[in-house]
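Under our numbering, think of the first position of the sequence shown as 47, with each following residue one higher. Note that CB positions come from ideal geometry on N, CA and C, so glycine has one too. Computed from a predicted model, the values in this text were never measured in an experiment.
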Amino acid sequence: MKKVKATNNLIQNGDFEETKNTQWMYSLTGNPIEVSEEEHEGKNSYAEIKTTQSIFQRTFFHPNDSGTITLSIRGMLPVIVSVMDASLAEPTVYWSGEATPDNSNEWKVETLAFALGDNLGSDLCLHFQAKWDQNADATVDIDNIKIESEAGAVINNGDFENGAASWTDSLTGSAIQTSDEDVVEKNHFARIHPTESIFQRHAFKSNQSGTIKGKLRGVLGATVAILDASTPDAKPYWSTNIAGSRTDFTEFTADFNLGDVDGQDLCLHFQADYHQNPDEYVDIDDVSMTINQ
Ligand SMILES: [Ca+2]
Ligand SMILES: [Ca+2]
Numbered sequence: 047m048k049k050v051k052a053t054n055n056l057i058q059n060g061d062f063e064e065t066k067n068t069q070w071m072y073s074l075t076g077n078p079i080e081v082s083e084e085e086h087e088g089k090n091s092y093a094e095i096k097t098t099q100s101i102f103q104r105t106f107f108h109p110n111d112s113g114t115i116t117l118s119i120r121g122m123l124p125v126i127v128s129v130m131d132a133s134l135a136e137p138t139v140y141w142s143g144e145a146t147p148d149n150s151n152e153w154k155v156e157t158l159a160f161a162l163g164d165n166l167g168s169d170l171c172l173h174f175q176a177k178w179d180q181n182a183d184a185t186v187d188i189d190n191i192k193i194e195s196e197a198g199a200v201i202n203n204g205d206f207e208n209g210a211a212s213w214t215d216s217l218t219g220s221a222i223q224t225s226d227e228d229v230v231e232k233n234h235f236a237r238i239h240p241t242e243s244i245f246q247r248h249a250f251k252s253n254q255s256g257t258i259k260g261k262l263r264g265v266l267g268a269t270v271a272i273l274d275a276s277t278p279d280a281k282p283y284w285s286t287n288i289a290g291s292r293t294d295f296t297e298f299t300a301d302f303n304l305g306d307v308d309g310q311d312l313c314l315h316f317q318a319d320y321h322q323n324p325d326e327y328v329d330i331d332d333v334s335m336t337i338n339q
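See the structure below:
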């Protein structure tokens, strides 16, 4: 059996969240497209820690590992972030840093650089403790915990969206309690009207094959194509039509195969289907592309 390995996503800003878009162009003008924005209600889960309370997650650190720990923090108390023994009554701390909130209701992102020595315990954790405060009601919220480590240490469920999974309350040794809040989430996408089209240049090579994925919404469908960006009306090297009439964003997947395309100025191209009502549209989001190797 032939093993097909796909490389990572080759489309830039496929989710359109970089609103200073420079990657997607209107075919007609060649100018960057105007990204559309919408808001919808969602829920966010996070961990609230009271003064002197702490939570931890077991994780594997290598000796002499270094990198950064990032977290979102909100509330009144600073948080002491440590790499330490997970299982001992008097744990050794191998590294410790402090993240300070803005004393407000606004989340703030803090990044701490960590570096470990060569002498580590065998059962380690990343540990978050709210600093002592005379006000027993003082709390701090943390969310979106990430490790970027030279040696590959990782944190699971750092956004707490899977509740207590992977996290332990230091005091009780049992699962932590998470809190929920209603949030307004922003999403950005590309809206194109009848006969409008957008594209992103990509240096396709002859005989390449691969897969294009994305999401589509609206009355109109769209034709996805690989064609010469300088002559968008010429016959495409590959194209397929994705049907419309979708109330919500719906995923599509399209496999492509190219013949000889040497020397062409190629792009991935989306054209909205024709409709007599010029106000109809198709919305496009989360475009990604992989090439088979
Ligand atoms: Ca998006
Ligand atoms: Ca979260």
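Counting along the chain, no beta strand (DSSP E) covers Tyr283, and no H or E run does either. Taking Ile191 as reference, the option from Ser285, Met335, Asn181 and Ser212 with the minimal CA-CA separation is Ser212. Pairwise C-beta distances place the region 305 to 315 in contact with the region 280 to 290, as three or more of them are shorter than 8 Å. With contacts defined as CB atoms closer than 8 Å, Phe102 and Ala132 qualify as a contacting pair. Of all alpha-carbon atoms in Gln317, Phe160 and Val200, the one lying nearest the alpha-carbon of Gly143 is that of Phe160. The beta carbon of Val333 lies closer than 6 Å to those of Ile57, Gly60 and Gly260 in the same chain, with the five residues before and after it left out. Taken atom to atom, the span from the alpha-carbon of Ile238 to that of Asp294 is near 16 Å. Met130 is bridged by DSSP to Val139 and Cys171. Distance from the CA of Ile115 to the CA of Glu242, rounded to the nearest whole angstrom, comes to 44 Å. With a cutoff of 8 Å on beta-carbon distance, Leu162 and Ala145 are scored as not near each other. Cβ atoms of Asp187 and Tyr92 come within 8 Å of each other, at about 5 Å. Between the region 105 to 114 and the region 251 to 271 there are fewer than three inter-stretch CB-CB distances shorter than 8 Å, so the stretches are not counted as touching. Between Ala184 and Leu117 the beta-carbon gap is near 18 Å, outside 8 Å, which marks them as no contact. Residue nearest to Asn208 within the set Thr75, Thr296, Thr224 and Glu152 is Thr224 (criterion: CA-CA distance).
Contact between Glu85 and Lys232 holds, since their C-beta atoms are separated by about 6 Å, short of 8 Å. Under the three-state reduction of DSSP output, Leu158 falls in the strand class.
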